[in-house]
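Novice: Numbering (this note's numbering), first residue to last: 15 to 339. First, the structure itself, so that you have it in front of you.
Here's what the structure looks like:
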């Protein structure tokens, strides 16, 4: 089963992300779990044997989500009622061999424009297919920008005002930019802070408060890179450390407060920065249905979390929950 090709390296490689980096011990308070974490959850089970392992998602106006199935190259809609509908099939080349994972394809980050167009990061280990793919509401998917075959592309964020995408490169220690009209990709930011330490580096990616924010899975960190007035990258700064095997994150709408997924601990944690201390509250975990959680989106008090079952090898799903304060 193709899933094993990803599960073996995920389980075999150490994830040196449990140590707190860059924060004094007294600056972090843990509120624990299940004191006031959620009012209700709705779980949509997916088919592991059929390759339905969701790597990323974006919210749809209908209340559902568009997701990427990492190892099949499919882009699909998961409705609020749990219906799964394939929107596009991206390439799965016979000679595909992605960096680190060694799968034929890896469909990862996804972003949505206001007109409904989807943009997806695809890695195959081949120059012919690795890059950013545009998935229109009607018509066939097309690659608009090529990226190095040595890249394992991950999180994607869309700056529609400036008509460009930001893309995390988990093996290339970089963040790329791609114009919506296509053309070449540009290495926007790079450095050791984005680098992997045996497995994957730069991972989840968001635009927030005039900056690009990116997680580093191996380092267990969340980084902030300011966007200068001329569009160039400012100096990257670590905002949070000790995040475990952090995959994705999303801002709650309350300043810099974030939800963070830990793909190995099966948790969704709310991190609330304060003047004197940072509070961390686990709001969802494996008992709620998380199974190697890969991505999260937020709408008010409602969160949607994808679980790909990479580590657990059971019960991939899309989980919707209303979070209490």
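For glycine and all other residues, C-beta sits at the position ideal for the given N, C-alpha and C.
#1: So what's residue 206 in DSSP terms, helix, strand or just coil?
#2: Out of 309, 223, 153 and 254, which one is the CA nearest neighbour of residue 267?
#3: Taking the alpha-carbon positions, what's the residue 154 to residue 288 distance?
#4: Skipping 5 residues on each side, what residues in its chain have a beta carbon closer than 8 angstroms to that of residue 16?
#5: I'd like the span of the beta strand (DSSP E) that includes residue 133, first residue to last.
#6: Rounded to whole angstroms, what's the CA-CA distance from residue 254 to residue 235? Just pull it up for me.
#7: DSSP three-state label for residue 306, please.
#8: Can you check which of these residues, 238, 96, 106 and 241, is closest to residue 57 by C-alpha distance?
#9: Classify residue 145 as helix, strand or coil using the three-state DSSP reduction.
#10: Name the DSSP bridge partner or partners of residue 260?
#11: Give every residue of the same chain whose Cβ lies closer than 8 angstroms to the Cβ of residue 249, excluding the five residues on either side of it in the sequence, and list them in chain order.
#12: Classify residue 75 as buried or exposed, calling it buried when 16 or more other Cβ atoms lie within 10 Å of its own Cβ.
#13: Which runs of the beta strand (DSSP E), 3 residues or longer, sit entirely within the region 289-336?
#14: Would you list the one or two residues that DSSP bridges to residue 83?
#15: Am I right that residue 165 and residue 144 are in contact with their C-beta atoms under 8 angstroms? What's the rounded C-beta distance?
#16: Tell me whether the beta-carbon of residue 187 lies closer than 8 angstroms to the beta-carbon of residue 216.
#17: Does residue 134 get closer than 8 angstroms to chain D when you measure Cβ to Cβ?
#18: Who does residue 162 pair with in a DSSP beta bridge?
#19: Under the rule that 16 or more other beta-carbon atoms within 10 Å means buried, what is residue 207, buried or exposed?
#20: Quick check on DSSP: helix, strand or coil for residue 218?
#21: What are the boundary residues of the beta strand (DSSP E) that includes residue 188?
#22: When we look at the beta-carbon of residue 63 and count the other beta-carbons within 10 Å, is it buried (16 or more) or exposed?
#23: Per DSSP, what kind of secondary structure is residue 245 in: helix, strand or coil?
#24: Who are the Cβ neighbours of residue 98 in its own chain at under 6 angstroms, not counting the five residues just before and after it?
#25: Near residue 124, what residues of its chain come up, given a Cβ to Cβ distance below 8 angstroms and the 5 sequence neighbours on each side ignored?
#26: On a Cα-Cα basis, can you pick out the residue from 335, 337, 331 and 336 that is closest to residue 61?
#27: Within 10 Å of its beta-carbon, does residue 109 have 16 or more other beta-carbons around it, so buried, or fewer, so exposed?
Specialist: Let me spell this out:
#1: As a working note, residue 206 is residue 192 in the chain shown. Note: residue 206 maps to helix in three-state DSSP.
#2: Residue mapping note: residue 267 aligns to position 253 of the chain shown, counting from 1. Nearest Cα to residue 267 within the set 309, 223, 153 and 254: 223.
#3: In the chain shown, counting from the first residue as 1, residue 154 sits at position 140. In the chain shown, counting from the first residue as 1, residue 288 sits at position 274. When only Cα atoms are considered, residue 154 and residue 288 end up about 47 angstroms apart.
#4: Residue mapping note: residue 16 aligns to position 2 of the chain shown, counting from 1. Reliability fails at residue 16, whose pLDDT of 35 lies under 50, so the model's placement of it is uncertain and the value that follows must be treated cautiously. If the five residues before and after residue 16 are omitted, its C-beta is found closer than 8 angstroms to the C-beta atoms of 65, 85, 117 and 118, all from its own chain and listed in chain order.
#5: In the chain shown, residue 133 corresponds to position 119, counting from 1. It spans 132-137 - the beta strand (DSSP E) in which residue 133 sits, taken as one unbroken run.
#6: The sequence position of residue 254 within the chain shown is 240, counting from 1. The sequence position of residue 235 within the chain shown is 221, counting from 1. Distance between the alpha carbons of residue 254 and residue 235 is about 6 angstroms.
#7: Residue 306 sits at position 292 when you count from the first residue of the chain shown. Looking at residue 306 - three-state DSSP - the assignment turns out to be coil, as it is neither helix nor strand.
#8: As a first step, residue 57 is located in the chain shown; it is residue number 43 there, counting from the start. Across the set 238, 96, 106 and 241, the C-alpha of 96 shows the shortest separation from the C-alpha of residue 57.
#9: Here the question's residue 145 lines up with position 131 in the chain shown. The three-state reading of DSSP puts residue 145 in strand, counting E and B together.
#10: Walking along the chain shown from the start, residue 260 turns up at place 246. 276, per the DSSP bridge assignment.
#11: To locate residue 249, count along the chain shown from 1; it is residue 235. Cβ within range, chain order: 239 and 240.
#12: As a first step, residue 75 must be located in the chain shown, where it is residue number 61. Residue 75 is exposed by the Cβ-count criterion.
#13: Entirely contained in the region 289-336, the beta strand (DSSP E) runs reaching 3 residues are, in chain order, 292-298, 307-313 and 316-321.
#14: The sequence position of residue 83 within the chain shown is 69, counting from 1. Partner(s): 68 and 88.
#15: Start at 1 with the first residue of the chain shown, and residue 165 comes out as number 151. Start at 1 with the first residue of the chain shown, and residue 144 comes out as number 130. Confirmed, Cβ separation roughly 6 angstroms.
#16: For this step, residue 187 is matched to residue 173 along the chain shown. For this step, residue 216 is matched to residue 202 along the chain shown. Using a Cβ distance threshold of 8 angstroms, residue 187 and residue 216 count as a contacting pair.
#17: As a matter of chain content, chain D is missing from the structure shown, which is built from one protein chain.
#18: Looking up residue 162 in the chain shown gives position 148. In the DSSP output, where bridge partners are listed per residue, residue 162 has none listed.
#19: Residue numbering aside, residue 207 sits at position 193 when the chain shown is read from its first letter. Buried, because 16 or more other Cβ atoms sit within 10 Å of the Cβ of residue 207.
#20: Position 204 of the chain shown, counted from the start, is the residue given in the question as residue 218. Strand.
#21: Position 174 of the chain shown, counted from the first residue, corresponds to residue 188. In the DSSP assignment, residue 188 falls within the unbroken beta strand (DSSP E) covering 188-193.
#22: In the chain shown, residue 63 corresponds to position 49, counting from 1. Its Cβ having fewer than 16 others within 10 Å, residue 63 is exposed.
#23: To locate residue 245, count along the chain shown from 1; it is residue 231. Residue 245 falls in the coil class under three-state DSSP.
#24: Position 84 of the chain shown holds residue 98. Apart from sequence neighbours up to five positions away, the residues of its chain that approach residue 98 with a beta-carbon distance below 6 angstroms are 90 and 92, ordered along the chain.
#25: Within the chain shown, residue 124 is the residue found at index 110, counting from 1. Hits under 8 angstroms: 70, 71, 72, 80, 81, 82, 89, 132, 133, 134, 135 and 170.
#26: Locating residue 61 in the chain shown gives position 47, where the first residue counts as 1. Closest option to residue 61, Cα to Cα, is 331.
#27: In the chain shown, the residue the question calls residue 109 occupies position 95. Exposed, because fewer than 16 other Cβ atoms sit within 10 Å of the Cβ of residue 109.
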